[in-house]
Amino acid sequence: MPRLKKNGRGLAVGVVGASGMVGRELLSVLEKSRFPVGELKVFSSGRGAKSVLFRSRRLPLSAPSLAALRGCRLAFFVSSDAVSRRWAPALAASGVWVIDDSSAFRLDANVPLVIPEINASVLRRDRRLVAGPNCTMSGLGLAAAALDRAAGLKDVRAASYQAVSGAGLSALREFLLQARTVTGRLRAERADLFAPALRSLRPAVLPRAIAFNAVPQVGDFAADGYSREEIKVAAELRKVLRSPRLPVSVTAVRVPTLRGHALAAWLRLKRPLSLARARAVLKKAAGVVMMAAPDYPTPAGCAGRTEAFVGRLRRGASPNEIALWVVSDNLLKGAASNSLQIAQELLRRGWL
Ligand SMILES: NC(=O)c1ccc[n+]([C@@H]2O[C@H](COP(=O)([O-])OP(=O)(O)OC[C@H]3O[C@@H](n4cnc5c(N)ncnc54)[C@H](OP(=O)(O)O)[C@@H]3O)[C@@H](O)[C@H]2O)c1
12 MPRLKKNGRG LAVGVVGASG MVGRELLSVL EKSRFPVGEL KVFSSGRGAK
62 SVLFRSRRLP LSAPSLAALR GCRLAFFVSS DAVSRRWAPA LAASGVWVID
112 DSSAFRLDAN VPLVIPEINA SVLRRDRRLV AGPNCTMSGL GLAAAALDRA
162 AGLKDVRAAS YQAVSGAGLS ALREFLLQAR TVTGRLRAER ADLFAPALRS
212 LRPAVLPRAI AFNAVPQVGD FAADGYSREE IKVAAELRKV LRSPRLPVSV
262 TAVRVPTLRG HALAAWLRLK RPLSLARARA VLKKAAGVVM MAAPDYPTPA
312 GCAGRTEAFV GRLRRGASPN EIALWVVSDN LLKGAASNSL QIAQELLRRG
362 WL
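The numbering of the sequence shown is our numbering, which starts it at 12 and goes up by one.
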């Protein structure tokens, strides 16, 4: 069984997908934290970048192998559903703690889906495969959990404004290329040129051109018309809130922001809750920053932060309904920093 590396300096940690959007953030948060990384093993497809920097050292990337991963005490999977499915269960069964940011196991009844501020209590010593949440759900989840504890959630409606980095490095490269292509051809006074310039873009990674656009499709559509992202947000919210029948309806939209997912959300509550009380509840909630009106959060303003920021709190149209705007950094609270928090919790419990 893999155990603490005998170098006395810390744990052997693996990162599968270290060259990706989330992987690079994970290396950065690990480096800035006091998490006791002894040896760091970094893995990628073996096709893209050849190395990554960690603590000023250049580490060579290689394709994963079970032998190399088994030498780790903890492995972060920040790659893809397929890669996680291939390696994570076998690795966890062999005794390695696995924190998986893909969506492969989030809804598996035997896999804890963890946002530590909400449900660290679902972690179990004998369940070594732990899932992190969908990056669109995490910010909404923190706000919803606080209001649920205060007055019971009856239902949730939300529309998202999701950054391009949520779709990975290749989508972000496509966006930046499109933006450069178009900006060179546009002038504010020539609105007649906008449509031909935008129509000339040929998307390859995202379903439509994303530069100067808003695309109401994140993932494939199911037969009922909901996208895969919308279905994930709803199902994962129900799981972390332990409300399997909670009605949730989401419209997920990709917008041309770089990092930070925003949502406009309407939460109907079972019991009355004044706006002042809702504000106080959100202000006290762990992991939430409640902004004082007339200030409000934006994706650019929240980039690089690990909390969920809430603003625009007001009454909704229905009785006991609260409308709000929530923003969190998809690469951090939606992935890397949430995963680090899970690892820190395992360490705190003496399980690592
Ligand atoms: N982006 C977000 O905001 C976000 C938030 C929450 C969760 N997630 C999840 O986190 C994971 C990573 O997302 P991302 O946005 O970072 O994607 P990304 O930028 O496309 O990075 C993917 C990473 O996986 C590696 N990879 C590809 N094929 C592999 C293989 N066969 N074996 C090992 N590694 C392989 C890539 O290596 P190469 O460099 O060699 O291609 C790269 O390091 C996904 O499961 C995603 O759903 C993402």
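Ideal placement from N, C-alpha and C gives every residue a C-beta, glycine not left out.
Would you say residue 81 touches ligand 1, meaning its beta carbon is less than 7 Å from a heavy atom?
-> Residue 81 Cβ: outside cutoff for every heavy atom of ligand 1.
CA-to-CA distance, residue 199 to residue 120, given in whole angstroms | Residue 120 and residue 199 have their C-alpha atoms roughly 53 Å apart.
Where does residue 293 fall in DSSP's three states?
-> The answer is helix: DSSP assigns residue 293 an H, G or I state.
To the nearest angstrom, how far is it from the Cα of residue 212 to the Cα of residue 220?
-> Spanning the two alpha carbons is a distance of roughly 6 Å.
Determine the extent of the beta strand (DSSP E) in which residue 100 is found, giving its start and end residues.
-> Where residue 100 is concerned, there is no enclosing beta strand (DSSP E), although the alpha helix (DSSP H) it sits in stretches over 92-104.
For residue 33, collect the residues of the same chain with a Cβ closer than 8 Å to its Cβ; drop the 5 residues on either side in sequence, then sort them by chain order.
-> Only 89, 112, 342, 346 and 347 meet the Cβ criterion.
Is residue 203 helix, strand or coil by DSSP?
-> The answer is helix: DSSP assigns residue 203 an H, G or I state.
Pick helix, strand or coil for residue 240, following the three-state DSSP scheme.
-> Three-state result, residue 240: helix.
Chain-order list of residues whose beta-carbon lies under 7 Å from that of residue 177 (same chain, five-residue window excluded) | Beyond the five residues adjoining it in sequence on each side, residue 177 comes within less than 7 Å, by CB distance, of 146, 272 and 341 in the same chain, given in chain order.
Residue 160, buried or exposed, once every other Cβ within 10 Å from all chains shown has been counted against 16 | Within 10 angstroms of the beta-carbon of residue 160 lie fewer than 16 other beta-carbons, which makes it exposed.
Could you check if residue 25 is buried or exposed, using at least 16 other CB atoms within 10 Å of its CB as the buried criterion?
-> It is buried - the Cβ of residue 25 has at least 16 other Cβ atoms within 10 Å.
Classification of residue 236 by the beta-carbon crowding that lies within 10 angstroms, buried from 16 upward = In summary, residue 236 is exposed, with fewer than 16 beta-carbon neighbours lying within 10 Å of its beta-carbon over all protein chains present.
Quick one, which of 151, 171, 214 and 149 has its alpha-carbon nearest residue 181's?
-> Residue 181 has its Cα closest to that of 214, out of 151, 171, 214 and 149.
Cβ of residue 5 versus every heavy atom of ligand 1: is any distance shorter than 7 Å?
-> Nothing about residue 5 can be reported from this structure: the residues present for the chain run from 12 to 363 only.
Entirely enclosed beta strand (DSSP E) segments - the region 265-330, minimum 3 residues = Counting only runs of 3 or more, we get 272-280, 299-301 and 319-326.
Cβ shell of residue 318 (< 6 Å), same chain only, five flanking positions each side left out | Closer than 6 Å at Cβ, skipping near neighbours: 298 and 300.
Limits of the unbroken beta strand (DSSP E) element including residue 54 = 48-54 is the span of the beta strand (DSSP E), which, as asked, contains residue 54.
What's the C-alpha gap between residue 125 and residue 163?
-> In a straight line, the C-alpha of residue 125 is about 20 Å away from that of residue 163.
My understanding is that residue 265 touches residue 226, with C-beta atoms under 8 Å, so please give their C-beta distance in whole angstroms.
-> The C-beta distance from residue 265 to residue 226 rounds to 4 Å, short enough to meet the 8 Å contact threshold.
State the DSSP-derived secondary structure class of residue 261, mapped to helix, strand or coil.
-> Three-state DSSP puts residue 261 in a strand.
Spatial neighbours of residue 367 in its chain, beta-carbon cut-off 6 Å, leaving aside the 5 residues before and after | The question about residue 367 has no answer here: the residues shown for the chain are numbered 12 through 363.
Within 10 angstroms of its Cβ, does residue 151 collect 16 or more other Cβ (buried), or is it exposed?
-> With 16 or more other CB atoms across the displayed protein chains lying within 10 angstroms of its CB, residue 151 is buried.
State the DSSP-derived secondary structure class of residue 186, mapped to helix, strand or coil.
-> If DSSP states are grouped into helix, strand and coil, residue 186 belongs with the helices.
With distances taken between CB atoms, is the gap from residue 115 to residue 137 smaller than 8 Å?
-> Not in contact: residue 115 and residue 137 (Cβ atoms no closer than 8 Å).
Pair within 8 Å by beta-carbon distance, residue 334 and residue 326 = Cβ atoms of residue 334 and residue 326: closer than 8 Å.
Give a yes or no on whether the minimum CB-CB distance between residue 67 and chain B is below 8 Å.
-> Protein chain content of the structure displayed is limited to a single chain, and chain B is not contained in it.
Endpoints, beta strand (DSSP E) assigned at residue 22 | Start and end: 22-27.
Could you tell me if the beta carbon of residue 112 falls within a distance shorter than 7 Å of some heavy atom in ligand 1?
-> For ligand 1, at least one heavy atom lies less than 7 Å from the Cβ of residue 112.
Are there 16 or more other CB atoms within 10 angstroms of the CB of residue 250, so buried, or fewer, so exposed?
-> Under this definition residue 250 is a buried residue.
So the alpha helix (DSSP H) residue 149 belongs to, where does it begin and stop?
-> Element bounds for residue 149: 146-162.
Confirm, please, whether the CB-CB distance from residue 85 to residue 22 is below 8 Å.
-> Yes, they are a contact pair.
Distance, Cα to Cα, residue 149 vs residue 280?
-> C-alpha separation (whole angstroms): 19 Å.
Rank 28, 37 and 30 by C-alpha distance to the C-alpha of residue 352 and give the top, closest one.
-> Out of 28, 37 and 30, 37 has the C-alpha closest to the C-alpha of residue 352.
Between residue 204 and the rest of its own chain, which residues show a CB-CB distance below 7 Å, the 5 nearest in sequence each way excluded?
-> Exclusion of the five residues before and after residue 204 leaves 196 and 197 as the residues of its chain whose Cβ lies within less than 7 Å of its Cβ.
Reference residue 28, options 44, 110 and 171, closest by Cα | When each option's Cα is compared against that of residue 28, the closest is 110.
CB-CB under 6 Å to residue 238, same chain, minus the five flanking residues each way: which ones, in chain order?
-> Excluding residues within five positions, the ones whose Cβ falls inside 6 Å are 228, 229, 230, 232 and 263.
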